[in-house]
Every structure is written in structure tokens, then in C-alpha cells.
Amino acid sequence: MAVVEVRGLTKHFGDVIAVDGVDLRSEEGEFLVLLGPSGCGKTTLLRMIAGLEQPTDGEILLGGENVIGLPPRARRVAMVFQSYALYPHMTVANNIAFPLRSQGMPAAERGPKVKWAAELFGIERLLDRRPRQLSGGERQRVALARALVREPSVFLLDEPLSNLDAKLRAAARDDLMEFQRRIGITTIYVTHDQVEAMGMGDRIAVMNQGKVRQLGTPEDVYHNPSDVFVAQFIGSPPMNLLETPEFLYGFRPEQLLPEGIASGEADRMSLTFHVNRVEYLGSERYLYGHIRGHDETKVIAMLPATVSLPIEVDRDHKFSVAHSQLRFFERRDRGETIPAQPL
Amino acid sequence: MTSSTLTRDRYLADNPKFLAGLFMSPALIYIIALVGFPFVLAIIYAFTDISTGNPELNFVGFDTFRRVLDDPVFRKALWNTFWFATLANLVVVVLATALAEVLTRDFRGKWLVRFLVLLPWVAPVSLATITWLWTLDSIFSPIDWVLRQFGLITENMYWLGRPQLAMWSIVIVQAWRIVPLAAVIVMAGLVAIPDEINDAVAVDGAGTWRRMFQVTIPLLAPIIAVAVLFGVILSISDMSLVYVLTRGGPTHSTQVLSTWAFIKGIEGGALGQGAAVALFLLPVLVGITAVVLRLARRREVL
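Protein chains in written order, with our numbering: chain A, 180 to 522; chain B, -5 to 296.
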């Protein structure tokens, strides 16, 4: 097991800056998620850690050792690809054995290792099949077994669940988490899916335009986004943002509640919410509209099904947000959170 | 009734069936006139004793075939054809795979190298072969000159004048000619291997040779089979290269079936026997094609 650390890592593709001076350090055995929209540089960052891409500038340390210039095979990393990249002409057993053969391990030692890895993922009965005879979920397990068979010190995953259908994805996520906890291997996981990131990550590094915008626990990035990008990228629907001449302030859709329903905190800010449209989604209701005084900005409120209060459309309603749930941002979108100030 | 016919005529150009026939007819006419008709004629001739001196169709059953088979030159040519096609294509597979690997990499001047590699294929066969005829000339060969300068030989090689050496010479020239086509086919296959497979190989710790022999070549096998199929068919059916270089000589040591069919049938005037020689390998070629195509389909793995 090893700590992954990158310092000032930069990658240019011609004029395009894919990764722009990233500093990042994983904890021992941590599940670290790189989350961001497509083109934000998260995959390039992962590929540089794997050694598949050479950085333009910066350092990569695996277990304290600088690995810049070392080929992937010298880095003791394992990687699972989006398409799984199984070798289609080899049986499952040979796919799993391939990294061992590359190490020059004798056949007598390979057998037990392959069996161990196959058992780890419950694919012993598939060993004689070829990849095209497997389902998506089975392929993914083979890819995981192949990656882990030589007991790497770092485990890299590039959107490994995006090729699975929704139902399978939930199950695969479960499996992945369980075995990562059991083995305790440092894992870096790339995804553009915030639900995956929130559900799986010990910490999340939110990336945009080649930079890490925020590094924190799922709770942290959700409740205390460091800037407007993170506030709007994390959460579905995203955080509502209202402008004042000096700063922006925001609140999560579930924090905007009808007056009288909200309980607990007494210190609340009242707002007049003009509702244009109601979307009924079973477990919750989405209310679309705008706040009086901020008529240009769309605002969404999310009411849980437990709030059965009827809401008429095209009317003004009295809503409120707890002051403690307000978040403030500088008007330029790279600001730090300004400490809460009374309105 | 009238109006409906009118409408139908007016929208003729929208009728897929009509268009299919229209667009396919040039190709069909071409194939029937230049391939189909001579092919049928050859089959008919092979069962007659027709010659340029006596252009009457006397059907003699398998007599013509029997006479062709009894000829020791035919057996020699059959054997030579086998070796010629096999050796040339062995060279082609090795060179084409290596070339394709090089040409899919990024390097300076790649465009020029690709152009030069394709040149032998673009040049007309007879022209290119005549250049080789000069290059391998018994007296003025530049290869001999170079070898002499380095003191490797003292007298001329006679590249096309000694039986064994002549065979090797035509094999090499044939390989030179087919390599570009094969390289382009293999290149298409190489490009089709997903990048993630090569990334996986790198992360799994395999070096260049292991990647080449345990991943790339097995994945390319179906494509290489197709390249070999083209190469073998070209080697067996095309006569111009051997005919220009050696005319089958010296003493039939480079005689192959295609040249023998031409020499026997056209130059010798025995049309029937020429046709029989030419048709002899048809079943073999059909067989090879079927086997290779089936193999290619079975190995279709991606």
C-alpha cells in the first residue's frame, strides 16, 4: 500500500492545458475520487499517475518515490479501464495471468495466484471462457481480478462503471466498495458521476479546467463548496445562487422550505417564492420558480414527500432558509467562502 | 390508369430497385465481358484440342488435361508455383507486419516514408519489373557492382541466370511488390486495436516483444490472413512479373503455372492445353479462399 502524491503536475497537449498545476495527496488506503465534467483533466491526471502519459511539468510520488520517467510496469500500479480492455483472444484465466507472466513468474506459482484473484471476485467458473462470452458485469470482475492479481500498491480506476446498465451499476458499486475496504488498497477513482463520487469516495477532488477546485469529504464538498463551480456541479438539482451587488449567496434546494413547515432552527431568512411549475417525482416534489427581488434567477425547491402541503402554481408563497444553511461566494467565481453575514 | 403510369415513370429515379439495376449494370457488364466470358471460354477450351492452327472445337473430354499432366515441365511449374507463392508470402507477412508497426507510430517524415512504401504498389507491374530486370542484369547489375566494391564477390552473380538464385530473385521481387498492399491491410488492423488494450498491456507490465507476440499479432491474425490471401492469389494468378524477369527460365527453373499457360497456349499455340493449365489451380484457389475466409471469421474477436 502506498500514498500517492502529485506536486505541481501539469500536462499540455499542444496549446491545450489539460492539467494545470495540480497538487494532491492521498491518504494510505484511501478511496479518492476525481470528479469533474468531461474534459476537466481527470483522466489525464490518472493516466499520468499510471505512467501512460508523461507530464509536462511536476512530480509524481508513489510511496514517497518519484516515478517521473518510469514506465508503467515499474510503478506497481494497476488500472481498470472504462472498456475493461480485456484481451479478447485470451481466456479469462490467461487474461488474469498476463500481468504475472509479464513479471516472469513461473507457471507453477501463477496458477494459485490466478485462482486466488478469481475467488476474490467470484469468477472461478468463468476461467475457461473468453471475454466475448461474458456479460458486462462479469467482464468488469475479470478486469478487476487482472488488475489486482499482482498485488499492486496503487489501484487506478477510469470510469469503470459507466459501461454497465443502471441496475448492475449499483450492485457493482457495492462490490467494488466492499473489496476495497477488505484489501485496504489506495484507490484513485475517476468519474463524472457525482452520485458515484458521493457514495464511494472517502474524499472527492472536484476538478474543472485542469485544476482541483476543492478536495474534501463528500459532506464537505456538498455542504461547504469552495466556489460557485463546485456549488453548481455537486448536487442535483444544483445549489440555488442569488446575486447581490457585493457577493453571491446560495442554498441547497432541500433547504428552501415553506414557512411553517420548517422546524428546529429559529434563525431563518424569509423569502417570497413565486412558483411557476411543480414536478411530482413520487419521493419528492420539485418547485420551479424565482425569488421576488431576483426575478431573473431560476430557483428550485425540493420538498420531501412528507410535506403534503398543497402548493398552487403562479402564486407567491412564503418560504424560508435557515441562516446556517446560507453559503456566500465572492462575485468572481474563484473566491473562498466568505463567513456567513447577516442579511 | 394513364395517370398512375405517368406518375410511376416520373418517380422512376426514386425507385430503389430501378436504381440498383442502373448503378450495378456497368460493373456487371464489365465483369461479364472481361472476366465471365473468357472464363467460360477457357473452361470450354480446356475440354477440346483447339489450337491456333486448328480453331475447331473438338471435345476430347479429359484428354487435354491428361496431356498437360504428363508434361514434366507442368509438374515442375506446379512445384515452382507452390514454392514461389509460399516463400514470397512468408517474406511479405514478416515485412508487412513490421512495416505496419512502424508506419502507425508518429515520427518525422512519416508521410514521405508512407509514400515511398506504397510506391511499388502504385507503379505499373511491367514497368516496375523492367527496372528490376536492369537491377538484376547479368552484366551491368548495380547490386553486383556494390558487392564488388566491398570485395564480397569477384565475379558476376547472374541473379536471373542460375536456377536456384533465379527462384530467390523472383521471390524477393514478388515480395517487394506485394508488401505495400499487405502493409496497408495490416495497418488498418493495427489502427483498429483499441488504445485501451495497448494501455492495459503497458500497465500489466509487458514489454515490446510480449506485446507484439502475445497481444498484437494474435489480434491481427484475421487481418494478416486476409493479406496473405490476397498475396497468395496474386502470386499464383499473375504472370507478368515472372514473364518479364525470366520467362520461366533458365530451363524452366522459374516456370510457374501462369507463365506456362501463356507460353503453352498463346506462344505455343496449343490453346486447349494453355486453358487446362490455367484452370488447374482454380479449385485450389477456391479452396484456399474458403479456408482463409472461414479462419478470419472465426478469429474475429473484437
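Ideal placement from N, C-alpha and C gives every residue a C-beta, glycine not left out.
These figures come from a predicted structure and were not determined experimentally.
{"Item": "If we ignore side chains and look at the alpha-carbon of each, how far apart do T75 (chain B) and I230 (chain B) end up?", "Value": "6 angstroms"}
{"Item": "Under a CB-based cut-off of 8 angstroms, is A194 (chain B) close to chain A?", "Value": "yes"}
{"Item": "Identify whether T75 (chain B) lies in helix, strand or coil by the three-state DSSP scheme.", "Value": "helix"}
{"Item": "Is M481 (chain A) helix, strand or coil by DSSP?", "Value": "strand"}
{"Item": "Going by DSSP, which residues form a beta bridge with R204 (chain A)?", "Value": "A:E184"}
{"Item": "Can you tell me whether D493 (chain A) is buried or exposed, with buried defined as 16 or more other CB within 10 angstroms of its CB?", "Value": "exposed"}
{"Item": "To the nearest angstrom, report how far apart A264 (chain B) and P114 (chain B) are at their CA atoms.", "Value": "34 angstroms"}
{"Item": "Nearest CA to the CA of Y152 (chain B): which residue from B:W162, B:F144 and B:Q143?", "Value": "B:W162"}
{"Item": "If I measure Cβ to Cβ from R456 (chain A) and keep anything under 7 angstroms in the same chain, skipping five residues before and after, which residues do I get?", "Value": "Y467 and V492"}
{"Item": "Between which two residues does the beta strand (DSSP E) containing S499 (chain A) stretch?", "Value": "R494 to A501"}
{"Item": "Along chain A, in chain order, which residues have C-beta atoms closer than 9 angstroms to that of D100 (chain B)?", "Value": "Simply none; closest approach about 13 angstroms."}
{"Item": "If you run the structure through DSSP and keep just helix, strand and coil, what is N150 (chain B)?", "Value": "coil"}
{"Item": "In whole angstroms, what separates the C-alpha of P432 (chain A) from that of K477 (chain A)?", "Value": "11 angstroms"}
{"Item": "Apply the 10 Å Cβ neighbour rule to N245 (chain A) and answer buried if 16 or more other Cβ atoms are within range, or exposed otherwise.", "Value": "exposed"}
{"Item": "Taking a Cβ distance cut-off of 8 angstroms, strictly less, list which residues of the region 425 to 448 of chain A are near chain B, in chain order.", "Value": "none"}
{"Item": "On a CA-only basis, which of B:F224, B:R171, B:Q249 and B:T80 is nearest V280 (chain B)? Give me that one, please.", "Value": "B:F224"}
{"Item": "Whose C-beta lies closer than 6 angstroms to the C-beta of L211 (chain A) among residues of the same chain, with five residues either side of it excluded?", "Value": "S205, I367 and R382"}
{"Item": "Output, in sequence order along the chain, the residues in the region 215 to 236 of chain B whose CB is closer than 7 angstroms to any CB in chain A.", "Value": "none"}
{"Item": "Are G187 (chain A) and I364 (chain A) close, meaning C-beta to C-beta below 8 angstroms?", "Value": "no"}
{"Item": "What in chain A is Cβ-close to R204 (chain B), meaning under 8 angstroms?", "Value": "R280 and S281"}
{"Item": "Just to make sure I have the definition right: I need the residues of chain A whose C-beta is within less than 9 angstroms of the C-beta of V209 (chain B). Which are they?", "Value": "Y266, H268, M269 and F277"}
{"Item": "Just to confirm, are L93 (chain B) and V173 (chain B) a CB contact at a threshold of 8 angstroms?", "Value": "yes"}
{"Item": "Look up R392 (chain A) in the DSSP assignment and say whether it is helix, strand or coil.", "Value": "strand"}
{"Item": "Taking the straight line between their C-alpha atoms, what separation do you get for A181 (chain A) and P489 (chain A)?", "Value": "55 angstroms"}
{"Item": "In the structure shown, what three-state DSSP assignment does M379 (chain A) receive?", "Value": "helix"}
{"Item": "At which residues does the beta strand (DSSP E) containing S262 (chain A) begin and terminate?", "Value": "Neither: S262 (chain A) is in no beta strand (DSSP E) and is coded neither H nor E."}
{"Item": "According to a CB-to-CB cut-off of less than 7 angstroms, which residues of the region 211 to 233 of chain A neighbour chain B?", "Value": "A229 and L231"}
{"Item": "Roughly how far, in whole angstroms, is the beta-carbon of A221 (chain B) from the beta-carbon of A90 (chain B), given that I think they are within contact range, below 8 angstroms?", "Value": "6 angstroms"}
{"Item": "Got a sec? Which residues, its chain only, sit under 8 angstroms from S462 (chain A) by beta carbon, not counting five neighbours each side?", "Value": "P483 and A484"}
{"Item": "Determine, using beta carbons only, whether V391 (chain A) comes closer than 8 angstroms to chain B.", "Value": "no"}
{"Item": "Do T189 (chain A) and V195 (chain A) have their C-beta atoms closer together than 8 angstroms?", "Value": "no"}
{"Item": "Can you pull the chain E residues whose beta carbon is under 7 angstroms from the beta carbon of E149 (chain B), in chain order?", "Value": "In the displayed structure, chain E is absent; the protein chains listed are A and B."}
{"Item": "Can you tell which of A:Q282, A:A257, A:V369 and A:R318 has the C-alpha that lies nearest to the C-alpha of T270 (chain A)?", "Value": "A:R318"}
{"Item": "Against chain A, with Cβ distances strictly below 8 angstroms, would A182 (chain B) count as a contact?", "Value": "no"}
{"Item": "What's the gap between the Cα of E298 (chain A) and the Cα of S314 (chain A)?", "Value": "18 angstroms"}
{"Item": "Helix, strand or coil: how does DSSP classify P424 (chain A) here?", "Value": "coil"}
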